[in-house]
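Chains as they are written, first to last, in numbering that gives the first Met the number 0: chain E, 0 to 386; chain G, 0 to 386; chain W, 0 to 386; chain L, 0 to 386. All C-beta atoms in this analysis are idealised placements derived from N, C-alpha and C, irrespective of residue type, glycine included.
Protein chains: 4
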Amino acid sequence: MVGPANDFTAPPRRLRLGMVGGGQGAFIGAVHRLAARMDNRYDLVAGALSSRPDVARASAAECFIAPDRAYDDFREMAMREAAREDGIEVCAIVTPNNLHFPAAMAMLDAGIHVICDKPLCMSVAEGEQLAAKIEETGLLFALTHNYTAYPMVREARDMVRSGKLGNIRLVQVEYPQGWLATPVDNKQASWRADPAKAGPGGALGDIGTHAHNLADFVTGLEISELCADLSSMVEGRQLDDNVQILLRYKNGARGMLWASQVAVGHENGLKLRVYGDKGSIEWAQEHPNHMHFRPLNGQPRLMTRGGPGNSAAGGRVRVPSGHVEGYLEGFATLYTDFADQLSARIDGHLPNAEAGLVPGIAEGLNGMRFIEAVVSSSQRGASWTSM
Amino acid sequence: MVGPANDFTAPPRRLRLGMVGGGQGAFIGAVHRLAARMDNRYDLVAGALSSRPDVARASAAECFIAPDRAYDDFREMAMREAAREDGIEVCAIVTPNNLHFPAAMAMLDAGIHVICDKPLCMSVAEGEQLAAKIEETGLLFALTHNYTAYPMVREARDMVRSGKLGNIRLVQVEYPQGWLATPVDNKQASWRADPAKAGPGGALGDIGTHAHNLADFVTGLEISELCADLSSMVEGRQLDDNVQILLRYKNGARGMLWASQVAVGHENGLKLRVYGDKGSIEWAQEHPNHMHFRPLNGQPRLMTRGGPGNSAAGGRVRVPSGHVEGYLEGFATLYTDFADQLSARIDGHLPNAEAGLVPGIAEGLNGMRFIEAVVSSSQRGASWTSM
Amino acid sequence: MVGPANDFTAPPRRLRLGMVGGGQGAFIGAVHRLAARMDNRYDLVAGALSSRPDVARASAAECFIAPDRAYDDFREMAMREAAREDGIEVCAIVTPNNLHFPAAMAMLDAGIHVICDKPLCMSVAEGEQLAAKIEETGLLFALTHNYTAYPMVREARDMVRSGKLGNIRLVQVEYPQGWLATPVDNKQASWRADPAKAGPGGALGDIGTHAHNLADFVTGLEISELCADLSSMVEGRQLDDNVQILLRYKNGARGMLWASQVAVGHENGLKLRVYGDKGSIEWAQEHPNHMHFRPLNGQPRLMTRGGPGNSAAGGRVRVPSGHVEGYLEGFATLYTDFADQLSARIDGHLPNAEAGLVPGIAEGLNGMRFIEAVVSSSQRGASWTSM
Amino acid sequence: MVGPANDFTAPPRRLRLGMVGGGQGAFIGAVHRLAARMDNRYDLVAGALSSRPDVARASAAECFIAPDRAYDDFREMAMREAAREDGIEVCAIVTPNNLHFPAAMAMLDAGIHVICDKPLCMSVAEGEQLAAKIEETGLLFALTHNYTAYPMVREARDMVRSGKLGNIRLVQVEYPQGWLATPVDNKQASWRADPAKAGPGGALGDIGTHAHNLADFVTGLEISELCADLSSMVEGRQLDDNVQILLRYKNGARGMLWASQVAVGHENGLKLRVYGDKGSIEWAQEHPNHMHFRPLNGQPRLMTRGGPGNSAAGGRVRVPSGHVEGYLEGFATLYTDFADQLSARIDGHLPNAEAGLVPGIAEGLNGMRFIEAVVSSSQRGASWTSM
């Protein structure tokens with residue numbers, strides 16, 4: 000084994016975590032739980048894992064949640080936990096999209112910090128209400144745009160910010176998947192294809208928002224207008240399964256965004272390329288520990304997670320370079336950074352720099368504005384639309 | 000050394016070839032000459048390699064062209080060669096774009112077959128005149144869209160045509176380069192940036208047409224309309240150096256095309272991805288002997304030039320699989336296939352199947368229509384434009 | 000998010016885990032703790048994390064171990080935990096190599112199951128004593144050859160066993176690293192270079208054993224003899240930093256093994272290639288979710304973790320294909336599979352199939368025999384040596 | 000199209016070339032002819048392409064060789080061509096290995112320069128006779144170890160020579176192929192498996208010599224001793240089809256060489272890795288335009304043919320970076336460099352630097368010594384053998 004070890008510092012106690020959604024048969028809830036557990040910063044002590052009482056009970060038992068803290072109604076959980084001395088301090092929301100808003104509002108109203116899966120909610124209007132509530136309560140809010148927590152993505156952001164690429168001219172981002180190339184009928188697929196649960200975007204909301212957020216996180220560029228062509232390639236599908244967008248940024252840069260769930264042969268092909276006048280970078284989610292940096296007139300360089308030449312931004316690693324950290328580690332980093340924010344808040348000290356990288360309400364609201372602009376553009380014949 | 004050898008059959012004599020352009024300091028002329036020489040099907044016996052008499056003479060001498068067949072005026076060459084018993088049968092045109100049309104017309108008028116570099120000419124109007132002339136004279140015409148001659152590209156075309164990908168839904172094609180990311184002042188760069196010599200497109204004409212042609216060649220899909228955003232990223236540049244296009248095809252498929260000469264870090268990153276409802280393919284010019292085929296619900300497969308599972312379409316190879324054939328071999332294949340067409344015409348027999356794959360006037364005219372539609376779309380605020 | 004979710008089933012309670020070694024500044028101890036935590040199957044409740052009392056205490060506190068169960072002597076821990084009603088059931092040993100044997104013996108003598116880092120111990124003689132003790136006590140023993148738990152490695156093993164590669168003819172395995180290319184003086188480097196702590200092998204014991212074990216796990220072939228050339232490339236280094244071995248297997252197959260810590264530019268380049276008369280596979284640790292399968296006369300296929308065509312062996316995954324699982328997930332899988340073994344033993348039922356894949360005393364003893372044969376061969380001028 | 004063009008300077012006339020071997024059905028002869036033609040430095044004017052008169056005649060006609068210069072006996076060709084005013088100046092020998100020696104001797108005796116395919120001949124004894132004859136006659140001799148002419152291989156050599164890698168410690172070279180994994184019965188396979196035609200090595204002579212020569216060319220290190228294990232994996236095969244060797248170099252470096260023709264799934268997997276104490280390089284024949292350079296403690300760099308940071312050594316290119324040059328271009332470079340040597344000799348001036356890189360009799364003799372040492376080592380139970 001080689002090199003530097005995990006330097007995560009351990010605080011004196013774990014944070015008390017609740018969860019809404021994520022009962023038996025769910026996918027992302029298990030990911031959140033594992034992410035919360037990885038760096039030992041949280042104890043999952045309460046849950047409204049399902050609205051069906053039996054599923055809620057059985058699911059809670061599997062998570063070692065005490066029976067009296069296994070709820071089937073998130074509003075009840077918010078109230079009763081808020082009333083306990085040892086009640087949850089923070090709650091993860093991992094339901095289908097349509098419940099993000101009411102669950103988050105319930106927690107915030109009860110004085111409980113929130114970790115919310117993406118996209119933020121169902122509309123800009125909901126998002127603005129949430130933002131107002133957060134401002135009013137002063138509570139902390141994390142949105143799990145997990146790809147932002149990969150070390151090389153943070154390194155990419157740092158490279159852009161520190162000018163290593165020069166002025167940014169071009170952004171090419173794509174997220175092709177193939178799993179919906181044919182009609183699919185299972186729990187994961189069906190809620191994503193139902194506008195009442197998923198919101199106005201299909202592939203757009205599910206993965207287009209990841210692509211948008213990733214480009215936004217790394218470049219910090221603001222979109223001025225976009226031209227979007229949404230398609231539904233599989234007969235009978237109500238929402239889009241293919242997203243193609245031209246982007247214009249306020250600084251004059253241009254961009255293209257492609258997200259698809261009918262791109263046969265792709266698994267999770269999220270890839271970002273950013274080109275400045277001094278250099279470019281390329282990062283692909285399926286090989287997340289590597290990033291290609293191509294300086295103007297120089298030899299392309301391979302940057303590796305934890306490897307030579309990284310800044311502090313790329314330094315939040317658990318195992319040395321050459322051993323892969325993946326999806327779950329990135330997810331866990333969001334949880335751990337947010338734990339730092341929470342601990343700092345609770346203890347009255349300043350959080351570390353990484354803690355500030357966790358996406359929050361601003362990113363969530365920006366995502367909702369993106370979704371609405373894209374849908375609007377596409378509905379008007381793929382015409383240019385301000386954002 | 001392994002496997003099957005070159006199976007190019009040798010005809011009884013070489014064809015007499017002339018050339019317009021390609022004198023000292025030129026790039027593409029040397030490529031054409033090498034391509035003509037590779038499979039020993041042509042003798043370069045005459046040339047108007049430059050309009051400057053001294054350069055024309057010196058360049059011809061370097062090519063072992065007899066002094067009396069070294070011209071400095073292509074019209075004179077056309078006339079005098081046509082009058083010789085042993086005059087040129089076919090002429091390669093390798094000038095800047097603005098001379099393609101007059102040089103080709105001069106040759107056709109003199110009864111000489113033509114091999115023309117791309118793009119075809121300066122406008123649809125010129126292209127239509129050329130097409131009429133070709134029809135009128137019955138002469139043969141090749142356009143060196145060289146990427147179509149890579150074995151794996153022909154294999155890709157065959158896979159689409161034979162239904163291995165099912166109905167085509169998505170086309171993603173890109174051609175990023177970085178060599179014009181800063182102001183460049185040399186012979187190759189300057190004529191490409193001059194509308195009087197290059198025509199209405201910069202990156203568009205130079206490499207956008209390659210991307211368009213490649214997608215067209217492989218898929219055979221017709222574009223119904225497009226939405227194009229041309230940019231010029233380097234101050235003072237008259238023509239576009241970045242091309243971003245959304246495509247809609249007549250069959251309902253969608254596409255995206257990106258071509259750029261300011262994409263720092265790329266050399267010749269031409270890449271095509273085609274997605275059908277039964278499978279997808281991916282081919283990249285910088286590793287041209289490989290192609291990825293991803294069948295629906297199956298394991299992705301690596302197809303190699305000359306390797307297992309290729310059809311006859313991918314079988315035109317000089318060396319066995321595992322030894323790379325590249326840019327020059329592809330170029331030479333166009334010359335050799337066109338030699339087959341020419342020999343068949345001269346001898347009155349039918350050419351082989353590959354000969355029919357050489358791009359010609361139809362592809363050239365299609366390219367000009369593409370350029371004009373793109374420029375028109377972009378000038379009207381990147382609005383949707385029929386093609 | 001796409002596809003099938005984590006299907007790890009949760010048992011009714013967590014196992015009580017202790018740890019020897021892994022105090023502040025250690026690397027692999029933190030990895031073991033994280034691995035134990037990932038799937039929520041263990042509670043770390045006691046530890047002799049250091050022999051220095053202050054470090055032991057502080058380290059335990061960081062792990063939320065109760066002060067009365069923070070020991071500085073593993074023998075004392077074994078005795079006192081064995082005497083408690085709620086004492087540890089299983090203990091992880093994560094010390095330098097020289098303490099593996101005494102710590103494991105102490106735990107086994109106290110009736111505590113053992114999870115031991117690799118290599119097993121310092122000699123075949125120690126290994127045989129351990130094996131005898133394990134047989135005598137009937138306790139369970141896991142050796143964390145973690146690379147065996149990557150899903151694609153288990154898939155590879157299954158492919159060999161099920162005959163997909165035919166008769167195995169060739170094994171090429173390598174593990175290049177570069178971190179010791181110059182004299183290195185830190186905690187991780189120094190004990191590995193000290194024969195008193197590391198044993199008779201340097202790179203050999205540290206990573207050569209991983210390469211050996213990986214080939215052994217996947218192919219199941221027995222080495223008949225080997226010819227090994229150990230070198231020390233950096234002046235003043237007492238143990239080997241480069242290992243080159245020719246292998247002959249009992250079935251007539253041939254192999255080559257290379258392990259190096261002076262291979263500048265490599266991080267953890269463990270790679271295995273196995274060639275049979277019907278096909279071959281290639282797997283590289285730095286891209287562990289992919290494996291290349293090349294059937295005789297067929298197109299090479301890309302196999303992905305959780306992707307199409309995998310057997311049940313490759314199916315133990317937490318997140319769907321296309322999202323990377325890495326080093327920590329593999330490590331955690333060993334812990335979880337061993338938890339299944341332990342739970343089954345405690346509850347008196349049969350463990351599942353994967354549980355049986357966890358390397359144990361046989362693999363450890365085989366590793367010690369390998370080390371001794373290699374050292375012996377090298378010392379006798381790199382002559383052929385039976386194993 | 001981008002960048003610098005072909006800068007090969009054209010001399011005033013072409014050299015008169017003859018050929019022995021390479022008639023219809025042969026593979027490598029066609030490659031030599033194409034290579035000679037590519038840069039327009041040779042005219043093929045005579046040939047003893049086969050010892051069967053009808054095949055010799057028909058093959059010559061296909062090559063546009065005049066009937067009176069189509070021979071069926073290479074000794075006759077040597078005599079008669081030497082007697083002509085316009086006789087051949089240089090002769091390519093492309094027969095099976097057993098005829099290299101007599102054909103080369105015949106040409107040298109007739110005062111004709113020689114280009115010989117590899118391996119040099121059948122034994123060290125033959126090689127020494129050839130060397131003596133070359134010295135005696137003062138004629139020029141090229142051995143077509145074609146991989147040495149890839150631009151990135153020459154760049155690699157330059158990097159080693161100029162100290163960019165520091166002191167060389169490790170050499171890992173391999174050449175796996177799969178085409179003889181089953182019994183194969185065709186012209187190419189059968190002579191290679193016949194000791195009377197191929198010499199004492201099977202895979203060893205065919206591709207092991209390429210691997211050896213490549214490492215030798217790049218590193219310049221001398222082997223002091225080697226330990227070789229030759230195997231024949233396919234029943235009934237007389238010669239080795241798998242070669243595994245440990246190498247010790249005079250400077251203390253270590254190496255491993257693997258060549259195989261039963262490595263199912265490989266096409267022409269020649270790969271060289273060289274590790275010094277300041278950096279390492281990796282080059283793979285199947286992607287020959289790329290090379291990986293990994294400086295000590297720095298980010299790995301991608302070097303591309305014609306791309307940034309190359310020395311003059313890597314600068315002999317026909318097309319700009321990003322367009323692939325492959326196997327035939329490398330072969331042609333040997334011919335062109337040798338043409339420079341020949342022209343310089345004929346004209347009495349000094350050749351350019353690249354001309355000196357063409358492998359010759361010294362490399363050929365070194366290859367024969369390698370073959371004999373390997374066979375000797377393997378026959379004595381794979382024991383260490385001096386070279």
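One finds V323 in chain E with Cβ atoms closer than 7 Å to the Cβ of W/P287, taken in chain order. Along the region 362-379 of chain L, none of the residues has a CB nearer than 8 Å to a CB of chain W. For the region 23-107 of chain E, the continuous alpha helix (DSSP H) assignments of 4+ residues that do not extend past its boundaries occur at 27-37, 52-61 and 73-82, in sequence order.
The CB of G/M290 never comes closer than 9 Å to any CB in chain W; the least such distance is about 10 Å. Under the DSSP assignment, G/W257 falls outside any alpha helix (DSSP H), being part of the beta strand (DSSP E) whose first and last residues are R253 to S259. For E/T303, the neighbours in chain W by C-beta distance under 7 Å run, in chain order, E266. For G/S375, there is no enclosing beta strand (DSSP E); the enclosing alpha helix (DSSP H) covers residues I360 to Q378.
Here the region 319-335 of chain G makes contact with the region 139-153 of chain G; the two share three or more CB pairs at distances below 8 Å. With distances taken between CA atoms, W/G165 lies nearest to W/L295 out of W/G198, W/A202 and W/L295. E/D157: member of the alpha helix (DSSP H) spanning P150 to R160, first to last residue. Contact note: W/E75 does not reach chain E at a C-beta cutoff of 7 Å; the least C-beta distance is about 24 Å. Here W/H289 carries a strand assignment [DSSP, helix/strand/coil]. For L/Y248, the beta-bridge partners assigned by DSSP are L/I222.
Judged by beta-carbon spacing, E/L246 lies beyond the 8 Å limit of E/D239, meaning their Cβ atoms are not closer than that value.
Note that the C-beta distance between G/A197 and G/G207 is not below 8 Å.
Non-local beta-carbon contacts of E/M106 in its own chain, meaning distances under 6 Å to residues more than five positions away in sequence, involve A77, C90 and V113 in chain order. Close to G/Q237, with beta-carbon spacing below 9 Å, lies no residue of chain W; the smallest spacing is near 44 Å. Not a single C-beta of chain E is nearer than 8 Å to the C-beta of L/P52.
By the Cβ rule, the region 264-284 of chain L does not count as touching the region 262-273 of chain E, because fewer than three pairs are nearer than 8 Å. Proximity of chain W to E/E221 at the Cβ level (cut-off 9 Å) is not reached, the minimal Cβ distance being about 28 Å. Rounded to whole angstroms, the Cβ separation of W/C120 and W/F140 is 12 Å, and the two are not in contact under 8 Å.
Within the model, the alpha-carbon separation for G/R191 versus G/P118 is close to 12 Å.
Scanning chain G for C-beta atoms nearer than 8 Å to the C-beta of W/R300 yields Q298, P299, R300 and L301, reported in chain order. Within its own chain, the residues whose Cβ lies closer than 7 Å to the Cβ of G/N309, once the five positions on either side in sequence are excluded, are E154 and M302, listed in chain order. Proximity of G/N39 to chain L, defined by a Cβ-Cβ separation below 8 Å, is satisfied. Cβ contact annotation for L/E75 (same chain, cutoff 8 Å, sequence separation greater than five): A47, in chain order.
For G/L349, the secondary structure class from DSSP, reduced to helix, strand or coil, is coil. Between L/L43 and L/R32 a beta carbon distance of about 6 Å is seen, short of the 8 Å cut, so the two are scored as contacting.
In the pairwise beta carbon analysis, the region 340-353 of chain E is classified as not touching the region 341-350 of chain W: fewer than three pairs are separated by under 8 Å. In the structure shown, E/N212 adopts helical secondary structure according to DSSP, grouped into three states. Here DSSP, grouped into helix, strand and coil, assigns G/S189 to helix. Sequence-distant Cβ neighbours of W/V374 in its own chain, meaning closer than 6 Å and more than five residues away, are P199. Counting only Cβ-Cβ distances below 9 Å, W/N241 has contacts in chain L at R168, L169 and R253, in chain order.
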